[in-house]
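One structure below.
Protein chains: 4
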Amino acid sequence: MTSPRGSLRRSERSRRAILDATRALVAEHGYAKVGIEAIAARAGVGKQTIYRWWPSKGAVVLDAVRALSENGEGQLALPDTGDLEGDLKQVLRATAAEFADPTFDALIRGLTTELAHDLGLAAAYAEHTAELEEAKRQRLRSGQRAGQLSPDADLDIVLDLLFAPLFRRWLLRTGPLTPDYADTLVEAALRAFAPPEPVTAS
Amino acid sequence: MTSPRGSLRRSERSRRAILDATRALVAEHGYAKVGIEAIAARAGVGKQTIYRWWPSKGAVVLDAVRALSENGEGQLALPDTGDLEGDLKQVLRATAAEFADPTFDALIRGLTTELAHDLGLAAAYAEHTAELEEAKRQRLRSGQRAGQLSPDADLDIVLDLLFAPLFRRWLLRTGPLTPDYADTLVEAALRAFAPPEPVTAS
Amino acid sequence: MTSPRGSLRRSERSRRAILDATRALVAEHGYAKVGIEAIAARAGVGKQTIYRWWPSKGAVVLDAVRALSENGEGQLALPDTGDLEGDLKQVLRATAAEFADPTFDALIRGLTTELAHDLGLAAAYAEHTAELEEAKRQRLRSGQRAGQLSPDADLDIVLDLLFAPLFRRWLLRTGPLTPDYADTLVEAALRAFAPPEPVTAS
Amino acid sequence: MTSPRGSLRRSERSRRAILDATRALVAEHGYAKVGIEAIAARAGVGKQTIYRWWPSKGAVVLDAVRALSENGEGQLALPDTGDLEGDLKQVLRATAAEFADPTFDALIRGLTTELAHDLGLAAAYAEHTAELEEAKRQRLRSGQRAGQLSPDADLDIVLDLLFAPLFRRWLLRTGPLTPDYADTLVEAALRAFAPPEPVTAS
DNA sequence: TTTTAACCGAGACGGTACGTCATGTCTTCTT
DNA sequence: AAGAAGACATGACGTACCGTCTCGGTTAAAA
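Protein chains in written order, with my numbering: chain A, 2 to 203; chain B, 2 to 203; chain C, 2 to 203; chain D, 2 to 203.
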């Protein structure tokens with residue numbers, strides 16, 4: 002069901018032009034220096050067409066980000082080789098790599114700072130990331146079942162330990178997002194929630 | 002002799018009025034809706050007096066935050082009762098509590114999102130927090146010496162594990178900043194960097 | 002078909018409000034103390050609406066003056082009773098009287114001093130007054146044909162002699178603009194360009 | 002008696018620097034674009050030193066003009082060769098030539114437009130020009146005694162006829178200030194106030 | 001000779017207006 | 001009905017000057 006949302010007459014052409022222009026402009030000038038007028042001008046679109054379909058610049062950018070991820074849909078299953086540590090390292094390294102892409106960085110950085118102030122936008126973003134979050138939790142659960150993670154572990158806390166340091170370091174630029182850093186975080190988090198030592202028969 | 006820096010004639014009166022007005026306005030209306038003009042008007046000051054001494058709104062807010070901490074100077078020693086876990090829990094709970102104060106939240110939230118975009122401001126902020134960061138590291142080192150933390154532990158990583166989840170949860174409002182959450186983070190981080198089991202004589 | 006010039010959508014409402022506000026404010030406070038912001042505020046109009054259509058305050062005032070004259074259009078024919086001296090006295094007296102009106106004085110005084118510095122504005126003003134100037138020249142030509150003025154007279158010089166003294170006295174306030182003064186100027190100018198004495202048969 | 006006016010301690014050095022800077026800046030950028038701050042900066046003088054001795058920019062410019070004329074003092078006697086027409090032509094040509102000097106033009110143009118709005122300044126200027134005006138009147142009186150001008154002629158009106166057209170043409174740039182134009186004005190004015198035809202004995 | 005106070009340069013201050021820019025709403029005409 | 005275009009009222013931006021004010025430093029008169 003790929004029917005148009007919200008209207009029977011919405012121009013797909015304009016929608017794409019707006020999101021493309023947004024991506025390009027934010028990459029070029031940074032989130033803060035891009036305004037609705039500039040987007041409209043670059044997209045060759047009337048301002049009203051933007052205001053009609055999005056409530057704020059943040060919402061446009063959110064959709065621009067969404068559109069990026071929607072190229073290959075449904076790839077939401079995380080790797081599950083049976084090796085939790087290896088799989089998580091791969092995921093965190095990939096996340097760190099994403100942040101290194103200037104276009105993605107500019108988009109997601111602006112969006113993130115907007116989320117901090119706009120509750121509605123934050124909710125919309127949460128909806129967008131819910132699936133991915135669930136996939137992460139699933140992978141942890143799978144590891145738990147495989148005895149690679151304590152059965153008592155609160156998976157949300159594990160996720161926090163894994164991703165929050167990465168997020169903070171990226172957002173505030175307090176350090177480089179190296180693969181090593183990703184690995185270190187995974188090792189620390191898994192150590193914190195290691196399964197209990199099996200009692201070995203002596 | 003801490004003679005006036007940068008000018009021989011800067012008005013202390015105006016400086017304080019500006020920082021006070023900034024705090025009040027950001028608390029009332031939120032960072033984004035406060036402009037230089039409003040600050041100047043509320044402070045009873047010409048706009049140029051702000052532009053003369055600060056390069057951006059972010060810089061003013063940074064100073065407003067700085068001024069908050071400078072009331073009681075030099076209180077930078079963190080508690081060191083000998084109980085690392087207990088001391089850290091106290092610190093994280095206190096940090097969480099700070100974020101609960103609406104005025105401080107509004108100020109620091111706006112400032113933080115500005116840091117994400119303004120490298121110069123981020124550097125200035127880093128300078129401001131350097132002392133506190135060092136104090137935290139000191140406390141961890143002290144715990145290390147007391148055998149409450151692995152001698153191999155990278156203290157910056159420990160700090161990341163402790164504070165980044167709190168930071169992220171606060172900034173993106175993805176969960177409540179309860180004392181329990183603070184405690185959980187401390188326990189997890191210490192577990193991740195627990196000292197090696199002493200070999201017990203059998 | 003005098004369809005809208007320069008734009009398809011200019012607001013006549015705003016235009017009139019701006020010119021009215023300009024007239025009122027200049028009359029109240031004098032040309033120099035009136036700014037674009039004040040005009041916009043009084044007119045209930047955005048500043049940009051002024052900047053969009055006029056290049057300078059002087060241009061706005063010029064249009065405000067223009068609008069005054071355009072109430073009754075096409076009344077440009079000067080009196081021509083056959084008595085050149087009488088007609089000119091009437092015109093100069095009327096001109097002097099105009100300058101006595103405080104609103105008109107304030108507008109035209111500010112405009113005039115602007116003309117002295119702004120070549121473009123001077124050109125625009127010249128265009129505005131061209132018709133009137135031509136009408137004056139016509140009346141002189143008519144007098145010339147009637148033998149009341151030397152056939153050799155350079156009409157522009159005659160106009161200078163008639164109006165420049167009035168202009169200077171008004172602008173610099175070096176004397177009162179009485180009807181007597183107007184009459185004196187007319188008499189002097191006509192004496193300077195009197196037709197040659199007819200050769201009387203002796 | 003060239004004692005300092007208004008104060009026993011006024012710095013002649015600063016006074017000259019201010020007037021020189023004023024002349025230079027007005028010549029370079031035009032009257033309107035020169036401000037007190039710029040003059041002070043160029044003169045290497047504190048703003049207060051200007052505000053202490055002059056009430057307005059116009060007053061400074063007036064003094065700058067005054068200083069120009071005071072180089073060779075007392076040259077106020079107009080030529081009196083016995084030939085009124087020739088002498089007046091010389092004076093008007095000289096006046097026209099003065100206006101052609103860009104520095105003088107810029108200064109006097111700005112000053113003149115200021116006079117139109119500032120009564121106090123106009124009075125001060127009148128005082129400055131009083132001597133010259135009187136000299137002009139004297140020359141006319143001398144011509145009157147020599148029978149080159151009607152005994153009834155109102156000399157102020159004659160002066161108006163002579164100089165107002167020149168003034169207006171210069172201020173509003175409605176035509177070139179050629180020697181021919183000067184001559185034409187002199188001839189016209191003298192024709193208007195020619196002495197009565199002597200009754201020739203038949 | 002020493003005081004002392006006006007004058008000086010410098011420039012920060014509270015203000016006002018500038019001319020530009022972007023906002024979000026609106027109207028008009030086109031598709 | 002939706003879109004491109006862009007005028008509109010609004011209001012913040014950062015700059016430029018205004019005229020006033022303080023700050024040391026420097027003179028030249030008075031003591």
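A virtual CB, placed ideally from N, CA and C, is assigned to each residue, including glycine.
Practice prompt. Determine the DSSP secondary structure at Gly148/D, reduced to helix, strand or coil.
Written response: Looking at Gly148/D - three-state DSSP - the assignment turns out to be coil, as it is neither helix nor strand.
Discussion item. Quick check: what's the CA-CA separation for Leu108/D versus Glu38/D?
Written reply: Their backbone Cα atoms lie some 18 Å apart in a straight line.
Item to complete: Identify, in the order they occur along the chain, each residue of the same chain with its Cβ nearer than 8 Å to the Cβ of Asp102/D, setting aside the five sequence neighbours on each side.
Response: none
Worksheet item: Residues of chain A with CB under 8 Å from Phe168/B, in chain order?
Response: Ala165, Arg169
Worksheet entry | Rounded Cβ spacing between Asp88/A and Arg140/A (contact assumed at less than 8 Å) | 6 Å
Practice prompt. Could you name the residues of the stretch 98–131 of chain D whose beta carbon sits closer than 9 Å to any beta carbon of chain C, in the order they occur along the chain?
Written response: Arg110, Gly111, Thr113, Thr114, Glu115, Leu116, Ala117, His118, Leu120, Ala123, Tyr126, Ala127
Worksheet entry | Cβ-based burial, Val187/A [other Cβ within 10 Å; buried from 16] | buried
Worksheet item: Taking Cβ to Cβ, would you say Phe105/C is nearer than 8 Å to Leu178/C?
Response: no
Discussion item. For chain D, check one thing: does any of its Cβ atoms lie closer than 8 Å to the Cβ of Ala190/C?
Written reply: Taking Cβ atoms only, chain D reaches closer than 8 Å to Ala190/C, which makes this a yes.
Worksheet item: Touching or not, the stretch 78–92 of chain A and the stretch 132–151 of chain A, by the rule of three or more beta carbon pairs under 8 Å?
Response: yes
Item to complete: State the start and end residues of the unbroken alpha helix (DSSP H) segment that holds Phe194/D.
Response: Per DSSP, Phe194/D belongs to no alpha helix (DSSP H) and is neither H nor E.
Discussion item. How far does the alpha helix (DSSP H) with Ser15/A in it extend, from its first residue to its last?
Written reply: 13–30
Worksheet item: Can you give the Cα-Cα distance for Ser15/B and Ala125/B, rounded to whole angstroms?
Response: So the alpha carbons of these two residues sit roughly 22 Å apart.
Discussion item. To be precise: take each residue of the stretch 21–33 of chain B, compare its Cβ to all Cβ atoms of chain A, and keep it if any distance is under 9 Å. Which residues remain?
Written reply: Gly31, Tyr32, Ala33
Worksheet item: Within the 8 Å Cβ cut-off, does Ser4/C reach chain D?
Response: Confidence in Ser4/C is poor, its pLDDT being 42 and thus under 50, which makes the residue's placement too unreliable to answer from.
Worksheet entry | Inter-residue Cα distance where the pair is Ala165/D and Gly31/C | 25 Å
Item to complete: May I ask which residues mark the beginning and end of the alpha helix (DSSP H) holding Lys58/D?
Response: 58–70
Item to complete: Can you give me the start and stop residues for the alpha helix (DSSP H) that Arg94/C sits inside?
Response: 85–101
Worksheet item: In chain A, which residues lie with their C-beta within 8 Å of the C-beta of Thr185/B?
Response: What Thr185/B touches in chain A: Asp155, Ile158.
Practice prompt. Indicate the three-state DSSP secondary structure (helix, strand or coil) for Trp55/A in the structure shown.
Written response: coil
Item to complete: Taking only the alpha-carbon atoms, compute the straight-line gap between Arg6/D and Thr50/D and give it to the nearest angstrom.
Response: Since pLDDT at Arg6/D reaches only 44, below the 50 mark, its modelled position is unreliable, and no value is offered.
Worksheet item: Nearest chain D C-beta to Arg174/C closer than 8 Å, yes or no?
Response: yes
Worksheet item: Assuming Val62/A and Gly111/A make a contact with CB atoms under 8 Å, what is their CB distance in whole Å?
Response: The beta carbons of Val62/A and Gly111/A sit about 6 Å from each other, so the pair counts as a contact at 8 Å.
Fill in: Helix, strand or coil at Glu198/A according to DSSP, with G and I counted as helix
coil
Item to complete: Under 7 Å Cβ to Cβ from Gly148/B, same chain only, skipping five residues before and after it: list those, please.
Response: Pro196.
Discussion item. Would you say Ala193/B lies against chain A (beta-carbon separation less than 8 Å)?
Written reply: yes
Worksheet item: Which first and last residues belong to the alpha helix (DSSP H) in which Leu163/D is found?
Response: For Leu163/D, the enclosing alpha helix (DSSP H) starts and ends at 156–173.
Worksheet item: Thinking just about the alpha-carbon of each residue, which of Leu173/C, Lys34/C, Asp119/C is nearest to the one in Lys1/D?
Response: The displayed coordinates of chain D run from 2 to 203. Any statement about residue 1/D would go beyond what the structure contains.
Item to complete: Within 10 angstroms of the Cβ of Thr113/C, are there 16 or more other Cβ atoms? Answer buried if so, exposed if not.
Response: buried
Discussion item. Can you look up Ala78/C in the DSSP assignment and give me helix, strand or coil?
Written reply: coil
Worksheet item: Since Leu85/C meets chain D, which of its residues come closer than 7 Å, beta carbon to beta carbon?
Response: By Cβ distance, chain D contributes nothing, its closest Cβ being about 15 Å from Leu85/C, past 7 Å.
Practice prompt. Let me know if Tyr182/D comes out buried or exposed under the rule of 16 or more other beta-carbons within 10 Å of its beta-carbon.
Written response: Label assigned to Tyr182/D: buried.
Worksheet item: Is the distance from the Cβ of Ala117/B to the Cβ of Leu172/A below 8 Å?
Response: yes
Worksheet entry | Classification of Glu115/C by the beta-carbon crowding that lies within 10 angstroms, buried from 16 upward | buried
Worksheet item: Which same chain residues, not among the five before or five after Ala154/C, have their C-beta less than 7 Å away from its C-beta?
Response: Gln145, Phe194
Worksheet entry | Inter-residue spacing [alpha-carbon to alpha-carbon] between Asp84/A and Glu135/A | The alpha-carbon separation between Asp84/A and Glu135/A amounts to approximately 19 Å.
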